[in-house]
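Heads up: the structure comes next, in structure tokens.
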Amino acid sequence: MGEYEKRILIIDDEEMLVESLMMFLSEKNYKVECAFSGEEGIGKFIKFCPHLVFLDVKLPDIEGLEVLKKMKHMKNDAHIVVITAYHEMDIAIKAMQLGAFDYLIKPLDTGEIDRIVGKAFSYINFNPSIRMEEFAKYDFDDLKIIGKSKSIKEILKTIGIVSQKKVNVFIEGETGTGKELIAKAIHFYSPFKEEPFVAINCACIVSTLFESELFGYEKGAFTGALRTTKGKLEIVRKGTLFLDEVGELSYDMQAKLLRVLEERKFERVGGLQKIAFEARVIAATNRDIEKLIKEGKFREDLFYRLSVVRIKVPPLRERMEDLPLLTKYLLGKLAKETGKFVRGIEDEAIKILSKYDWPGNVRELQNVLLEALLRTQGSIILKEDVQQVMEEKIYYNNFNSFEEKKGLTLEGNKEKEKILEALNRTNWHRGKAAALLGVSRPTLRKKMRELGISK
1 MGEYEKRILI
11 IDDEEMLVES
21 LMMFLSEKNY
31 KVECAFSGEE
41 GIGKFIKFCP
51 HLVFLDVKLP
61 DIEGLEVLKK
71 MKHMKNDAHI
81 VVITAYHEMD
91 IAIKAMQLGA
101 FDYLIKPLDT
111 GEIDRIVGKA
121 FSYINFNPSI
131 RMEEFAKYDF
141 DDLKIIGKSK
151 SIKEILKTIG
161 IVSQKKVNVF
171 IEGETGTGKE
181 LIAKAIHFYS
191 PFKEEPFVAI
201 NCACIVSTLF
211 ESELFGYEKG
221 AFTGALRTTK
231 GKLEIVRKGT
241 LFLDEVGELS
251 YDMQAKLLRV
261 LEERKFERVG
271 GLQKIAFEAR
281 VIAATNRDIE
291 KLIKEGKFRE
301 DLFYRLSVVR
311 IKVPPLRERM
321 EDLPLLTKYL
331 LGKLAKETGK
341 FVRGIEDEAI
351 KILSKYDWPG
361 NVRELQNVLL
371 EALLRTQGSI
381 ILKEDVQQVM
391 EEKIYYNNFN
401 SFEEKKGLTL
411 EGNKEKEKIL
421 EALNRTNWHR
431 GKAAALLGVS
441 RPTLRKKMRE
451 LGISK
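Position 150 of the sequence shown, counting from 1, maps to 150 under full-length UniProt numbering, and the rest follow consecutively.
Have a look at this one:
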């Protein structure tokens with residue numbers, strides 16, 4: 001950057017936070033100014049000409065996002081980092097769309113501050129004009145993606161960026177990690193949010209019905225085709241086609257899908273008229289896609305068409321620092337849905353949840369919390385409530401063996417034995433067995449059919 005002052009402006013109405021942040025940054029030889037309101041912040045932004053701004057989204061006079069908008073309209077290449085609470089992740093994404101450089105979640109972490117400051121000044125060093133793209137603003141509503149882990153923050157940034165580019169997206173992650181939630185977030189943040197979001201579970205489509213389901217059909221195209229019917233490709237218009245469990249598509253179905261993506265046109269079954277395909281495709285899988293390609297089970301050319309942008313969603317066990325936030329959020333959501341409200345959950349109960357590796361991921365955590373919520377007799381979910389649910393619902397006879405026991409998987413040569421073990425452990429409850437195996441219910445049903453498993 002050369003030898004000149006590196007100026008940082010802090011805009012926040014919490015005096016203790018401002019004081020500690022100023023002290024931390026001043027000790028690192030940054031020139032720091034502060035403001036305690038939006039108006040004061042804008043004034044100092046003009047006079048002080050900072051290179052970096054820390055901006056709280058909640059200010060006493062003006063909303064932080066309004067301050068951000070005003071700053072972005074001024075001729076200043078400052079990088080703006082918004083400060084938000086964990087439950088305001090939708091605001092963080094809006095800020096990214098408005099051009100924020102990054103965001104911090106309260107309580108602030110000095111290591112994260114160091115990382116962001118270093119990154120910001122390194123960008124100024126190489127190209128002072130580097131700016132985050134400005135994006136349209138959309139409300140997240142119920143599409144909450146909760147977490148403060150590095151992996152979740154990167155996913156949130158990717159959503160903000162890719163939502164504005166009509167490119168195909170490939171989402172990878174275990175069952176229950178929230179792949180469809182991410183797909184919906186991309187759609188509802190896009191300029192085409194008013195267009196349909198059409199989801200297809202590829203594991204549930206029988207090969208013989210795939211064409212008519214996807215392409216639609218003309219009247220008389222086959223026995224039972226009593227009227228012309230639109231398929232999913234036509235219904236989606238300019239919206240988003242979400243192909244869940246795309247790894248389950250047969251090779252023949254893959255070829256037909258590839259042709260549509262290449263030509264951007266299709267015909268209904270029994271029809272001759274070419275119909276334009278204008279939608280974005282988001283595909284998702286819980287399978288190892290590279291392995292499927294190597295084994296010749298998934299077309300490499302189709303994968304490249306689908307994966308202009310790849311998003312890998314980590315399993316819950318790899319972001320356990322998010323578990324307390326997720327637990328708090330899910331309990332609030334479940335309380336609204338059930339009408340049963342509690343003031344919180346014991347720390348000891350959180351510790352019990354943290355000892356489990358969650359093969360069913362966030363979906364499984366939500367199910368456990370729902371049962372604990374319904375079971376508890378008081379205003380707080382106790383350790384005993386959670387422990388009882390874990391012992392009964394997560395299928396482990398000895399609670400103390402959580403750290404030794406692992407969820408079953410469907411990899412290897414003993415699929416049938418593993419499925420039978422999961423079914424027996426869960427009294428042949430297919431939903432519970434699927435969660436234990438770490439697969440979806442449709443995948444389990446398909447495997448049971450293939451292996452001839454029935455009660």
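The C-beta atom is built at its ideal place from N, Cα and C for all residues, glycine as well.
All values reported here derive from a predicted model rather than from experimental measurement.
On a CA-only basis, which of the options is nearest residue i? Give me that one, please.
i      : options                           : result
Leu156 : Phe188, Met96, Gly118 and Val206  : Met96
Gly285 : Ala78, Phe222, Phe303 and Arg445  : This sequence places Thr at residue 285; Gly is not what is there. Taking only the C-alpha atoms, the option nearest Thr285 is Phe303.
Ile381 : Gly360, Gly344, Lys416 and Pro191 : Gly344
Ala78  : Val57, Glu63, Asp102 and Leu243   : Asp102
Leu316 : Thr338, Ile152 and Val167         : Ile152
Arg319 : Asp61, Ala85, Ile146 and Ala35    : Ile146
Ile171 : Leu325, Thr376, Phe215 and Gly247 : Gly247
Phe277 : Leu9, Glu267 and Ile46            : Glu267
Arg363 : Ser207, Ala279, Thr327 and Thr376 : Thr327
Gln387 : Ser354, Glu415 and Pro359         : Ser354
Arg305 : Leu323, Val281, Asp288 and Trp428 : Val281
Leu292 : Gln273, Glu245, Leu330 and Gly118 : Glu245
Thr223 : Cys204, Pro359 and Val269         : Val269
Ser20  : Leu52, Thr110 and Lys6            : Thr110
Met74  : Gly239, Ile46 and Cys34           : Ile46
Lys70  : Glu40, Met89, Ile93 and Asp90     : Glu40
Ser307 : Glu417, Leu258, Ala372 and Lys106 : Leu258
Ser440 : Cys204, Ala349 and Trp428         : Cys204
Lys230 : Ala183, Gln273 and Lys418         : Gln273
Ala107 : Ser190, Glu14, Gly43 and Lys44    : Note on identity: in this sequence residue 107 is Pro, with Ala being the wrong assignment. The shortest Cα separation from Pro107 among Ser190, Glu14, Gly43 and Lys44 belongs to Glu14.
Lys455 : Trp428, Pro359 and Tyr217         : Trp428
Can you tell me the Cβ-Cβ gap for residue i and residue j, rounded? I've got them flagged as a contact below 8 Å.
i      : j      : result
Val368 : Gly173 : With a Cβ gap of about 19 Å, Val368 and Gly173 do not count as contacting.
Ile80  : Leu104 : That pair is no contact at about 11 Å.
Leu242 : Ala185 : The displayed chain sequence assigns Phe, not Leu, to residue 242. The Cβ separation is near 12 Å, so there is no contact.
Asp59  : Leu68  : Before going further, note that residue 59 is Leu rather than Asp in the sequence given. Actually they do not touch by this definition, with Cβ atoms about 11 Å apart.
Leu9   : Val53  : 5 Å
Gly239 : Phe192 : 6 Å
Leu444 : Leu437 : 7 Å
Out of curiosity, what's the CA-to-CA distance linking residue i and residue j?
i      : j      : result
Cys202 : Lys351 : 37 Å
Gln254 : Phe298 : 8 Å
Cys49  : Gly64  : 18 Å
Arg237 : Glu263 : 16 Å
Asp61  : Ser37  : 6 Å
Asn398 : Glu391 : Reliability of the predicted coordinates at Asn398 is poor, the pLDDT of 36 falling under 50, and no value is obtained from them.
Ile116 : Val57  : 17 Å
Val206 : Glu415 : 22 Å
Arg449 : Asp252 : 20 Å
Ser149 : Gly178 : 15 Å
Pro196 : Val309 : 21 Å
Thr375 : Asn361 : The question names Thr, but residue 375 is Arg in the sequence shown. Rounded to whole angstroms, Arg375 to Asn361 spans 21 Å at the Cα level.
Ile419 : Val162 : 38 Å
Lys383 : Ala92  : 33 Å
With DSSP collapsed to three states, give me the class of residue i.
i      : result
Val281 : strand
Glu234 : helix
Glu33  : strand
Ile11  : strand
Asn367 : helix
Gly216 : strand
Asn424 : helix
Glu450 : helix
Leu226 : coil
Lys44  : helix
Thr376 : coil
Thr175 : coil
Ser190 : coil
Gly147 : coil
Phe298 : coil
Glu5   : coil
Gly339 : coil
Met74  : coil
Pro324 : helix
Ala120 : helix
Asp355 : For the record, residue 355 in the displayed sequence is Lys; it is not Asp. Lys355 falls in the coil class under three-state DSSP.
Pro315 : coil
Val57  : coil
Ser440 : coil
Would you list the residues sitting across from residue i in a DSSP beta bridge?
i      : result
Glu346 : According to DSSP, which records beta bridges pairwise, Glu346 is partnered with nothing at all.
His79  : Leu52
Phe197 : Thr240
Arg310 : Phe170
Ile381 : Ile345
Thr84  : Ile105
Lys265 : Ala276
Are the C-beta of residue i and some C-beta of chain E separated by less than 8 Å?
i    : result
Glu5 : Of the protein chains in the structure, only one exists, and it is not chain E.
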